[in-house]
Amino acid sequence: MAQPASEPQGEFVFLPVDTVAFGRGALERLPAEVERLGCRRAFIVTTASLLRERTLLERVERLLGARHVGTFGSVRQHTPSADVWAAAEQARQAVADLIVSFGGSTVNDCAKLVAYVLGERTAGIGGLLRCGVEHRGLAVSGNLPPHIAITTTLSAGEFTTGASITDEATRVKGTVSHTALAPRVVLLDPSVTVATPEWLWLSSGIKALDHAVERFYSPLHQPLVDALCLEAIRLLARYLPSSRATTEEGLAARGQCQIAAWLSAFGWANVRVGLSHILGHQIGGRCGVPHGYTSCITMPHAIRFVHRWAPDRLAPIAEALGLRVDERTAGDAVAQAVARLVADLGLPGRLREVGVPLEALDALIDAAMHEVESSEHLRAGLAGEIRREDVARLVRAAW
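Read in our numbering, the sequence shown has 333 at position 331, and its numbers run on one by one without any break.
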C-alpha cells in the first residue's frame, strides 16, 4: 500500500555565487571574470606546495597579468589564525581589491577570512577567533572584496558560506559564517588538479562524500539538496577510484568528481552537516590530521550512529552506492561500503593510523561535545539527542 504524500514546506537560500565554470579550460575564464567584477588589484592566497610547484601558479599569475599585486603562499592546514592575519596584512599593504584563492578548502577558508578582514577593516584576529570557537555567524557591515576560487581538491569549501579557523593557543578549531563569505566566481578545471598529491585528492573526495551523506540524512533535509546529494554519491562511487590517473580518462574522471563535489555542497546554507564533521573539526584542529583523512575515519562510525534514527534515509544512500539492502540493514551496509572504499583507495581508517595518541581521546570528546552544545544549527541538524557517552563510544571505536 502506497504511503500518503507528505506536504513539502520550507525555503531555499541561494548563495551569491555569480558563476561556476567547469571543465578543462575553465581557468582561462579568469581574466574575463576579473574584468566583469571591475577589479584591478588581485591578490592570490595559496599554499607553500603550490608556491614551490611554480608551473600552475605561473599560469594563474600570467592570466592575471598586470592586475596581480601579490601572493601569500604560506597557508597551513586547518587555517591557523596567524596565517589569516599575515595574509590579510600582506593583502592590505598591496591595496588588493580582489582575492583569488588557489588550492583546497583551507586556502578557500583563509581567502574568505582575508576578504572579511579587509572589508571590515578589523584591527585584530581576536573577534574572529571568538566567533569561531562559539560557532557564531559574523556581522558584516560593508562590502567585502570579491573572491574568485580556483580549486585543486574536492573538499568543496568554495561552495559554502563558512570558514574554519584554528586558535593556535588552544588548538580549538572553530567555524564562522556569513553569506558574504561565499566566493563570487568558482573555476573547476581538472587540469589544475594534476599537481595535487594523490592522498590529498582522494581523501578530499571522501570529504565530499561525507558532505553528501551527512546532508542527505540530516533531519533538516530538503528536496533539492536530497537529489543533488544522491547524484554526488553516485558520481563519487563511480569516478573517484579512476580519477587517480592523469591520463585523458583520468582527467575526465576528475572533472566528474569536481561536479560531484559541487553537488555535495550545493545548498550548504540550507542543510548543514552533522556528527562526522563535528568530530573531524576537533580531530583536525587538535591533532593536525588533514580534514580529508578525518572523514575517512569518522564517517563509517557516524553512519552507524545515525541509522538508529534515520533508517529510511540510509536506504537511498545504499542504493546510490549500488547496494541492494533494506532499511533494517542499510546503516551497516553503507558504513562497510564507505570503509571498503577508503581501504581500496589506500587511505587511513583509524585514528591511530594518523598519529592520534590514545591519551588525546578524552580532550577530543570534550571538544566535540562543546561544538555540539554551542551551535544551534549543529544541534538541529543532528538526528536525535547526542550524549557524551555516544561521542566517546564513536571516538574510541574510530581509534
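Glycine residues also receive a C-beta, built at the ideal position from the N, C-alpha and C atoms.
If you're wondering where the values come from, they're calculated on a predicted model, not measured in any experiment.
*Is there a Cβ from chain C that is less than 8 Å from the Cβ of H149?*
Absent from the structure is chain C; it holds one protein chain and no more.
*Member of D314, V215, G282, Q224 whose CA lies at the smallest distance from the CA of T305*: The question names Thr, but residue 305 is Ile in the sequence shown. It is V215.
*Excluding sequence positions up to five away, which residues of its chain have a Cβ less than 7 Å from the Cβ of N145?*
G121
*Flag this pair as yes or no: are the beta carbons of Q258 and L190 separated by less than 8 Å?*
no
_Cβ-Cβ distance between I150 and E35 below 8 Å_ = yes
*asked:* DSSP has F268 in a bridge; who is on the other side?
replied: In the DSSP output, where bridge partners are listed per residue, F268 has none listed.
*Rounded to a whole number of angstroms, what is the C-alpha to C-alpha distance between L363 and R240?*
34 Å
*Any idea which residues DSSP pairs H70 with across the strands?*
A44
*Please classify D169: does DSSP put it in a helix, a strand, or coil?*
strand
*Grab the span of the beta strand (DSSP E) containing V174 for me, first residue to last.*
174-179
*Taking all protein chains shown into account, decide if S8 is buried (16 or more other Cβ within 10 angstroms of its Cβ) or exposed.*
exposed
*Can you give the beta carbon distance from G269 to H80, rounded, assuming they're within the 8 Å contact cut?*
G269 to H80, Cβ: 25 Å. No contact.
*L360: buried (16+ other C-beta within 10 angstroms of its C-beta) or exposed?*
exposed
*Any idea what DSSP makes of V397, helix, strand or coil?*
helix
*State the CB to CB distance for the pair L237 and A267, rounded to an integer number of angstroms; the pair is presumed to be in contact (CB under 8 Å).*
At roughly 13 Å, the Cβ-Cβ gap does not stay under 8 Å, so L237 and A267 are not in contact.
*Just the Cα atoms here: how many angstroms apart are V174 and V273?*
24 Å
*For T168 versus P302, is the C-beta spacing smaller than 8 Å?*
no
*CB of L204 within 8 Å of CB of L242, strictly*: yes
*Cβ pair G72, F45 closer than 8 Å*: yes
*Evaluate contact between the stretch 108-123 and the stretch 170-187, counting only Cβ atoms and requiring at least three cross-stretch pairs below 8 Å.*
yes
*Quick one, which of L277, I388, G357, S143 has its alpha-carbon nearest G290's?*
G357
_CB-CB length for A197 against E55, believed under 8 Å_ = 5 Å
*Can you tell me which of the three DSSP states G106 falls into?*
coil
*asked:* Please state whether the Cβ-Cβ distance between A96 and T181 is less than 8 Å.
replied: no
*With distances taken from CA atoms, which of E170, L100, V178, E375 is nearest T162?*
V178
*Tell me the DSSP bridge mates of H149?*
I101
*According to the Cβ coordinates, are I280 and A370 closer than 8 Å?*
yes
*Under 7 Å from any heavy atom of the ligand SAM, does the C-beta of L343 make it?*
For the ligand SAM, the structure offers nothing, since it holds no ligand at all.
*Taking F307 as part of the alpha helix (DSSP H), name the residues at either end of that continuous run.*
293-309
*Alpha carbon to alpha carbon, what distance is there between D228 and M3?*
Bear in mind that a pLDDT of 49 at M3, under 50, signals an unreliable position, so the number given afterwards is only what the model happens to contain. Approximately 24 Å, taken between the alpha carbons.
*A247 versus C41, P199, R132, residue with shortest Cα-Cα distance*: P199
_Taking a contact to mean a Cβ-Cβ separation below 8 Å, would you say A341 touches A332 in this structure?_
no
*Taking C-beta to C-beta, are A322 and I208 nearer than 8 Å?*
no
*Residue(s) in a DSSP beta bridge with V327*: In the DSSP output, where bridge partners are listed per residue, V327 has none listed.
*Roughly how many angstroms lie between the CA atoms of F14 and S220, to the nearest whole one?*
15 Å
*Tell me where the beta strand (DSSP E) around V188 begins and ends.*
187-190
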